[in-house]
Structure formats: C-alpha cells, structure tokens
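Down below is the structure, laid out as structure tokens.
Protein chains: 2
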Amino acid sequence: MAAYFNMETLKFLMFNVHKLEELLLNERYNAFDKESILLFLQSVADFSDQDLYPIFKEMDEKPAKFSEGKIHVHPKIKDILIKQGELGVIGASFDESMGGLQLPATVMHAAYFIMEAANNHIPGYAGLTAGAAHLISSFADKKYHDQYVPNMLSGEWSGTMCLSEPQAGSGLSDIKCSAKPLDDGTFLIKGHKIFISGGDHEYAGNIIHLLLARIEGAPAGTKGISLFIVPKYKISPDQTLVNNDVITAGDFQKMGQRGYCTAHLVFGDNDQCTGYLVGEENKGLLYMFQMMNDARIAVGRGGAAIASAAYYASLQYAQERQQGRRLLSGGRKDEAAGPTLIINHPDVRRMLFLQKAIYEGSLSLILQSSIYHDREISEKENNNHWNLLLEFLTPITKTYPSEKGKLAVDNGLQILGGYGFCADFILQQYYRDIRIMSIYEGTTGIQSLDLLGRKVLMENGLVLKTMLAEIQHTISEGKMDERLRATAKELEDQLPLVEATLAHLIPIAMKGETEKFVSDATLFMEAVGTIVVAWQWLKIGITASNVLKSSDAAFSASMLKNKLHTMRFFYKYELARNKSIFKIIQSDEVLTLAEDDAFPD
Amino acid sequence: MAAYFNMETLKFLMFNVHKLEELLLNERYNAFDKESILLFLQSVADFSDQDLYPIFKEMDEKPAKFSEGKIHVHPKIKDILIKQGELGVIGASFDESMGGLQLPATVMHAAYFIMEAANNHIPGYAGLTAGAAHLISSFADKKYHDQYVPNMLSGEWSGTMCLSEPQAGSGLSDIKCSAKPLDDGTFLIKGHKIFISGGDHEYAGNIIHLLLARIEGAPAGTKGISLFIVPKYKISPDQTLVNNDVITAGDFQKMGQRGYCTAHLVFGDNDQCTGYLVGEENKGLLYMFQMMNDARIAVGRGGAAIASAAYYASLQYAQERQQGRRLLSGGRKDEAAGPTLIINHPDVRRMLFLQKAIYEGSLSLILQSSIYHDREISEKENNNHWNLLLEFLTPITKTYPSEKGKLAVDNGLQILGGYGFCADFILQQYYRDIRIMSIYEGTTGIQSLDLLGRKVLMENGLVLKTMLAEIQHTISEGKMDERLRATAKELEDQLPLVEATLAHLIPIAMKGETEKFVSDATLFMEAVGTIVVAWQWLKIGITASNVLKSSDAAFSASMLKNKLHTMRFFYKYELARNKSIFKIIQSDEVLTLAEDDAFPD
C-alpha cells in the first residue's frame, strides 16, 4: 500500500500541538477520549486503504460522465457512500440528537484529510451531503430535518449546494433562479445551476439540493436571495419518491478530480419543481455562509491532503531512484562511489523539505481553524473570541493550502523528472487534481478580498488584533526555549511588517479609494498566509522541543528532530520571502487600476 | 481565429529592441532585409493559422498512441511536415550550401515561436529533425550529410536525439547502450533509449536517430561516450531502404503535449542494428552539446510560446466576461452600474499584466540569446565575446520561460475561474502542456547547477563579468532617459546583491564544499533569471521610449505606453522579490545537505 499520509504526524498535530484532549473536557465532547478518537481515525484509515486508494487512478482514467440523461460514476461509489454512513463520517460532527456522533469538527476534518489523501475524488460526495444536512438541521423546519437528514447521514441520499449559474459564478448578487410562492407554502423553482459538485449520479437514492433562488418581487442583489431545499425526488404523502422536475442537462469534463462529477442542472423546466423554503425569506445567503465557511476549510483540507499524498509519492521515488553522483571538492563527481540515490542531492532534499513544510504546516492550520470552530460551539461563555479567530483564519485556511499546495505538488512532480509527466506515475494526477482548490468556494482573489477588505477592518480591527495576540502568545512561549528563541524572534520581526503595511493601506481605504486599497489583496494574502503558517510551525517546534525534553516516548526522536528541522526550513526558505512582498504592497505606484491609460493588450 | 501571439510585439522586439537589421549587415545574412523576413514570418503565421491551430485541441483529446508496433499520430502530421519543409522552416538557419535558407537563428526562433504558440505539439518534430541534421552536417563525414540531410530538411524524414535510458536520465555518465566496431567501419548498436520525442511515427519515411552509445572498451563516465547516426531504415547500395533493427517497444502517455509522441526504442535486439560514427570516438557528448544547447533555447521558446497563447486566451475571456461590481468608496459595490467586465477588477488586471510581463520578457530573452548566437557564428573577429554571453544566458533562457511560464499560465487559468478547469476551455491544456518545459533537456535543477556551478566560475569569472557589463551598458543608457531613470536605478541596485551573494558563495566553493556551494543554485537561478529579464524589460522600455519620442509611426502609441507600463509592472511585482531571495542564499544555515541528521520522512 502506498503511503499517502502519516498517522504519527497527524496524531502529533492533533493531540500534542493542538491539545485536543483539552477540548474533549468540554461537555459537548466528553463522550470521547484520545483512545476512542484514534480508533475512529484508524477505522477511517483502514477504509481509505481498502476502498478509496485502490480506485484513485481508475477514477481519473474513467471519469464520471454524462450520457443519456444520467451521470455515470465509478461503480464502487454506491458501496462507499453507504460505508461512509456506517463509519459515521458523514454525520461525524453532528449532534447526537440529530443522528450524528457529536465528534469535534477537528476529528471530522482529520478523518476527511485521510480519505482525501487516499482519493480526493470521493470525499466531496459525503462532505457536501453533510454540509447540506447541516444547513437543514440548523435553519429549516424540524419536519424537513426528519424527512431528509437521516437518509443523508446514512449515505443513502446525497446533498449538494446549488449557487452558481451561467451568468453568476463569483457574483452571487446576479442570481436569476426564481421561486414562485404557492398556496401550500411551498415554492415553484425555475432556473439553471452549473458547476454542481456531486449534482447527480446514478447511485444516490435521492439528491437533496440546497439552492439559492430569488422569490418573485424580492429586493435586487444579495439581499433578495432565499435558500430552498429542492430534492431530486419529492416525498409524496404515501412516502414514495416522485420526480421533482430536476433535470440533468449535462456535466463538466475537467482537468482534474475527474471521478468527482460536476453537473449542470435544470430546475422546473416543466414548471413542476417544488422547493421548500429554509428559514426566512431573503436570508438565504446568510444561511448558506455557514455551509460555505465550512466548505472553505474543507477545500484547504483537500489541498493539504493532495500535497501530503504527492509528498509521500515523491519521497518514495527519491528513496529508490539512483541518478547522478555526489559532488566532491572542486566540483568533481564522486565516480568511485557510483550513482547515488537522488534523495542525497541537495536540490532534491530542498524540494522534499519544501513539500513537507507546506503540507504539514497546512494541515496544522486546518486543525487550528477546526479547534477554534469546536471551541466556538462548545464554550458558550467565550465563543465570540473563538469566532473572531476563525473568521480571520477561514480565508487563509482555504487559500494557503490551495495555493502553496500547488507549489508543493509541482516540486513533487519535478523530483520524478520525465516520469513525473507520465500518466503511469501518480504525480501528474495530483498536479491536475489540486489545481481546482484555488477556484472552489471563492477563488484566491475573492478570499483575499475577504481577508483584507473585510476581516482586517472588521469590528474596528478587533479580529486582526485578536489574531496577532494569539501569535504573540506563541512567540513569547517560543522565546523561553533556547532552541526556539531565534525562530520566535524571526516571527516577531514579521509583525511590524504587517503593521507598516496596514499603516500604508488603511488611509487609502479611509479616503474611500477602495479598489486601490484592495488592489494587492492577493499579495497581502500571500504574505499573511505565510506568517500564519510560520506561527503553526513555531507551535509545532515548541511542542517537538518539549516532547524531546520530556520522557514521553510516544514519538521517535528522529521524527521530532525532523519537525524542528522542517520548521527551520520553512523560516529560512518561505518566511524570509515576506519582507519583499510587504514592501511591494507598500509601494505607492499604482499599476492595476482600470483608470490607468495603460491596459493589457 | 483565436489570437495566440502578437505580430506587432514580435516585430517590435526583433527589429527595434534587438536591432535585427544591424545583424543583417553581416555577410552571412545579407541576402535578407526586413521586408523579406517579415514576409517569411507572415507565411509561417498563415500556415500556423490554417494548419496548426485548428488541430491543437484535437491532438490533445486523441493523443499519439502506440499500438501494434507503431505509434499513431494525428493524420495531418504527414502534410504538415512536408509543408514545413516547403516553407523552409526546417532548414531555416542552415547554410545555403547545405540546402538551408541561411536565415539568422533569431528569425528561425521567431518562426517556431509562432508555430508553438499555435500548437506546441507539432514544432518539436521539425525542430529535432533540424537539430539532428545540423549535428550530421557539423560533425559527420560529408557522405552522411548527402545521404540524410536533404530528405530531413524537406520534411520527408525525421530526426531525433537519443540520450536517456531507463537507468540514465539526467546522469549521462551511466549510459549503457553499446557500439561494437565492425570491419567495415560501422558499428553494431545495442540498447534501450527512452523518452525519445518524435521517436517513431507512421508518417516519417525514415527516422534518423542521433544516438549516444559507448564503444566497447571506452573509458567510464562521460568521457567514453560516442555519437552515432542510427537510421530506422538503412540505405542499401541500390538506394532502397532496409530495416535497421530499431524496434518501437512502446510509448509514454503524458499529462500534456499529448499529440507529440514520445517513444521507447530498442536498438539491435536482433543484433542487426547499424550505427555510423559521428566525428571521433568518445567525443559524443561534446558534439551532442551543440544540439542540446540549441534545444535548451528551444525549450525556453516553447514555454514563452505557450505563455503567450494562454495570455491571449485569458485576455479575451476577461474582455468578454461580466462578473461582480466595481468597488466604490467604503467598499460598497457599484450596483447602479451593474455587472462589470472582469478586466476592470484590479486582481484580474494584475494577473493579466503578470502574464504579459513574463511572456514578453521571456520572448525578448530568447531573441537576445539568438542574436548572440547569430553574432557568434557570423562575426568571426569577436565571436568569443558573443559566445561568453550565450553560455551565460543558455541555462536562463531555458529555465526562466519554463518556470515563470508555468506561473503565467496558472494565472491565465485562474482568470477563467471554474471554466479554466474545464476541458471545454483551452487554458487547462496550456497548463498541462507547459509543465514539461522545466523537465525537458535538463531539469531546472540541472540548469541551475550549470549556471552557478559552471558558468559563474567559468574562465575565472569572465563569463559573468561580460554579462554584467552588458547589463550595466543598458542601465547607463536607461539612466539618460528621464522616463527610465528610476527603473534603470532599480536594476543597478540589483548588481551589488549578486556580488554580495557571490562573495558569500565563492569562498564555500574555494573551500571545496561543492555540495554546499550549489545547494541553493535553484534560488540563484530564480533571482538571476529575474534580473536578466528585468534587463530585457529595460531594453524594451528604452526602445519604446525612443520610438515614442521619434516620429516613427510604425507602432501605436498605446502599444508603446503599454510596454512601458508592463516594464514597471515587472519591476514593481517581480524584480522587487529578489532582495529576499538573495538574502536567503546568503544565509549560513545549511538545511539541505545529506550530512544532516535530519531527513525528509
């Protein structure tokens, strides 16, 4: 079995770096202990080994495909969805009262991370089903929960989110899909939805779409959008399923994640499509943001998972492939020793450490965001604090693993040379698969606008201040450890760069020059994302150092030393690039506003 | 017809920035003038429009494929090769006496750039044929030239370079393919060769392989490698073609450039394969380097060409697609104006200018290297000077367009959002195609070793000194123009960074710590590549500024202003990242040597 993730590292991050056992003291989670959680994750790992990884390449080679009105997916999907229901991963973080396991989201994300590293074409089916079910449970009338959610958590029915339309992708204010109120309180839905992940396939007994539409007469823009439950099959009074006029018009063939179907759906072409309003009218986007925020963490997780799998694939190759000679004094090649394993070449090691630094840092960030989420919902007395931190981290947790994950996989492919480009080797598939992550659920540009244009300014800067205080807290801790003092200082030196950059930008926002203010938001995201992951690496370093000093033999000394080494790698090679980036953002030269007389040509 | 390159920009770079007409004064090229060259390029552009671009997507969807002992390629390839022969592009830069047009290589590269932007799956066939023919003409006995070259330049026969073997990719010293001398002066060839681009296909009347092998008893390592002509079909005394025991064992299915076949060839499995020695025994690698150096420029050109095509595809989309709103004061969206074209969003403009800055800068660099090549072979009195410059630029010209071209295409794909990931749109194909460029003909790691470990040290630093003097010359020119003074100064400020970095590195080399010396060679390549392209942009800026000041109406003022604007974009967003990179290289912390007790795990 190919290695695609490392359980020891995952354990170390969850229980040592992020102190999951402290979270388990909260009432909501106190049915679990470390042992039961590790058992759960091991069962997910076994399932991933046995059911997910073996069909990964096949799903790419025989992609999900639309023909004769249906989307055909890999034949194992049916069993896999049911098994995921049985394992409890679909309802992992749901309340027990709703049929879930009531696990921390942190554990749910860890489980999905394992499954996605094994086969990123599959977990989306369950993930969106859970997200849709969660929306119903949270905001819809209880009767809808009872009608739909149990069958969704069991894996028999699927769920989706239906946002994009042909004319409205990132711009949700232009949604045209309409909802006409009927006398019985239901609505007649009409419109097209595109890019619907898991939108239709032959193995779902029913598909429950959570759909954004505009009720006739609703206000223009995002304020007039409502959320509806629109099942593929309606439940008739006698409990049989009847067609609900949801037609699959086609699919999207993609460069990657080809086994994961993407549908074009037509609702109400025969004026027979019923939708059930979720919550109140015109509050659809507000509700949908719950699902979108969760989905954003999930997308980052997908990026980290693919980067993990690519790392282990390229590491294995580097440990087996001989090529070239070690270099001796004067640049002579060590002909006496003969060909060397390529892992001995400094540039190959650089590419390996870069991947490791990116994927483990990303994974740690995902767990960090999930911990904040779990604390927010389980510690009522302090939940605003955790919410502020999660708000700040969400766009970064979506973007860093997606963007830097591409870089990581690119380096993994490069290690294989010509073989990396060949279909017989798996790296090229990871390379194609991961490319969607910086587009899904709001592109990097959109996330960067959210970070700089919204989160930084939110609550008069309180969100940012709270985040920086957390980072400063870790820095102070790091400074007390001889081995980490220099690293902590390097992170501390970044904070004035952020301040100086904002001192440059905020006055521009104040003057009302919004486009200019956000014009380099993507660079701001790049630099701040690196700081946040450097913070995670310092946390990892502090933990590794502490465990090394203790008599805790749960982890090998070599693993812990490698964590400290990779931390230094991240600081030397990645964090050190930030200074120039912040300087670019502080430049007064404006080159990308449409007002310029210059234009791309 | 889709735009995939810009003839005005190409003309501007060739004739204005790189002053091609001055080169044409040299005796070798004086049969040509600007007009005849533009006619030639226009005929190549027409051919590209009519024959190459229309089958670009189809070649990806129905890749070249091995079955029943043969590799099947697109059926139009046969005609296309013949047409390329008729157009003269295969023999474009060959001496007239050898059946070529005796055009400057600069013009040949411009022609291939156009063809590759139209369809990068095709020009490799002609390019390698020309390269193989050139090796024969340069180093083999005249009789071989007469036997093979005319049919190669006409497009009837193909040529390849056969270097890699299953156990020897980048490490040519481990080549095992053997050559046994026969009494008639020919050799019996035996061995496997892999990754042979254009290695076999049904439409070549014959395929002339230029193959590296080891003559029995030759010294170990690269000093014992000889070069052979090994035709697929031997020419018998009665001029008929007879099988030469070259068997196609299979092909490589790839992530990109799928229409361009890649073969696994077996030579002499029945001990019937004849090879003809080129030049002297054991000097094979020296000869092959002529072809490899040319091929390295060609790979960079391929990267620039794909980046060009991706740029124009994403530009067209950005000019047609409406999405989102302009941002008004206070971050409000301009609802009154309604949806805007996405080209008006600063982040989209940033992605467009980034692509333009990378592709035009890369194209200029390719032309610069070609001009040096042309001067080297046409100005005997000063050819060492031009050779030194070309030596320095070759690894950069290969690497910068390949590596930064990936970044450019990545940004092009991102502009299309979800559509960019879909097979119906062309960006994803460019994204896959360009990925091979940083692997072909020596990976980025190998090129970086060449730059830092060889070129920088070569002739006691004379190569580097000569290069820096050229750059300084442009800086001095730029400083005399008010509009360019600041830009020139920014470039000048980079030179002490190079010096400081080398002052750090050279003593390490002197101490004999070669692995440590080159451990960050790839970062050195990244930063120096950016300086070299910044130098090209300053040249472009100087020329644009001069043309704007003159009464020359050959180019529109808006095009010239956009060049100046894009130059500033490159300096603000790309060159400004260098300072941090040089600082990283100067760090004393060593993290990637195999001697460390830490290792990737």
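So the sequence lines, in the order shown, correspond to chains F and X.
Following this note's numbering, the residues of the first sequence are numbered contiguously, the last one being 603.
Following this note's numbering, the residues of the second sequence are numbered contiguously, the last one being 603.
Note that the Cβ used here is the ideal one computed from N, Cα and C, for glycine as well.
- Query: How long is the line joining the alpha carbons of residue 166(F) and residue 44(F), rounded to whole angstroms?
  - Reply: 37 Å
Quick one: is residue 242(X) buried, meaning 16 or more other Cβ sit within 10 Å of its Cβ, or exposed? exposed
Taking residue 230(X) as part of the beta strand (DSSP E), name the residues at either end of that continuous run. 228-233
Find the residues of chain F that neighbour residue 581(X), judging by a C-beta separation of less than 9 Å, and give them in chain order. 581, 582 and 585
Buried or exposed (CB count within 10 angstroms, at least 16 for buried), residue 332(X): exposed
*Measure the Cβ-Cβ separation of residue 365(X) and residue 108(X) and say whether it is below 8 Å.*
no
ask   = How big is the Cα-Cα spacing for residue 141(X) and residue 296(X)?
value = 15 Å
**Prompt:** Closest to residue 605(F) by CA distance: which of 540(F), 601(F) and 589(F) is it?
**Reply:** Because chain F is modelled from 3 through 603, residue 605(F) falls outside the range shown and cannot be assessed.
| request: Write down the C-beta distance between residue 402(F) and residue 302(F) rounded to the nearest angstrom, noting that I regard them as a contact closer than 8 Å. | output: 7 Å
* Per DSSP, residue 216(X) forms a beta bridge with which residues? -> 180(X)
Per DSSP, residue 245(F) forms a beta bridge with which residues?
235(F)
How many angstroms separate the CA atom of residue 440(F) from the CA atom of residue 128(F)?
21 Å
Does DSSP classify residue 269(F) as helix, strand or coil?
strand
query: Among 576(F), 249(F), 99(F) and 155(F), which has the Cα closest to the Cα of residue 528(F)?
result: 576(F)
Given residue 511(X) as reference, the closest of 229(F), 95(F), 334(F) and 179(F) once Cα atoms are compared
334(F)
Exercise for review: Have a look at the DSSP bridge pairing and note the partners of residue 163(X).
Suggested key: 212(X)
Taking the DSSP output, what are the residues bridged to residue 276(X)?
190(X)
For this session: Consult DSSP for residue 62(X) and reduce its assignment to one of helix, strand or coil.
Result: helix
Please confirm if residue 286(X) has its CB atom under 8 Å from at least one CB of chain F. no
Item checked: The alpha helix (DSSP H) enclosing residue 20(F), as first and last residue numbers -> Here residue 20(F) belongs to no alpha helix (DSSP H), and DSSP marks it neither H nor E.
Self-check item: Residues of its chain near residue 225(X), where Cβ-Cβ distance is below 7 Å and the 5 sequence neighbours each way are ignored
Solution: 284
Exercise for the section: Give me whichever residues DSSP pairs with residue 424(X) in a beta bridge. Expected result: 256(F)
Write down the C-beta distance between residue 117(F) and residue 106(F) rounded to the nearest angstrom, noting that I regard them as a contact closer than 8 Å. The pair is not a contact, with the Cβ atoms about 17 Å apart (cut-off 8 Å).
Using the Cα positions of residue 202(F) and residue 132(F), report the straight-line distance between them to the nearest angstrom.
16 Å
_Please report whether the beta-carbon of residue 441(F) lies at a distance below 8 Å from any beta-carbon of chain X._
yes
Q) Does residue 348(F) come within less than 8 Å of chain X when only Cβ atoms are used? A) yes
Practice problem: Indicate whether residue 407(F) and residue 306(F) have their beta-carbon atoms separated by less than 8 Å. | Solution: yes
request  = Could you tell me whether the Cβ of residue 167(X) comes closer than 8 Å to any Cβ of chain F?
outcome  = no
query: In the region 452-469 of chain F, which residues sit with their C-beta less than 9 Å from some C-beta in chain X, listed in chain order?
result: 455, 456 and 459
Strictly below 8 Å CB to CB, what residues from chain X border residue 424(F)?
254, 255, 256 and 257
_At a CB distance below 9 Å, what residues from the region 513-540 of chain X approach chain F? Give them in sequence order._
513, 514, 515, 516, 517, 518, 519, 520, 521, 522, 523, 524 and 525
Exercise for the section: Within the same chain, show all residues whose beta-carbon is closer than 6 Å to that of residue 254(X), passing over the 5 residues directly before and after it, in chain order. Expected result: 264
* Pull up the distance between the alpha-carbon of residue 608(F) and that of residue 547(X), whole angstroms please. => Nothing can be reported for residue 608(F), as the shown portion of chain F is limited to 3 through 603.
query: If you measure from the beta carbon of residue 358(X) to each beta carbon in chain F, is any gap under 8 Å?
result: yes
Practice prompt. Tell me where the beta strand (DSSP E) around residue 68(F) begins and ends.
Written response: 67-69
Closest residue to residue 232(X) among 309(X), 185(X), 259(X) and 137(X) (Cα-Cα distance)
137(X)
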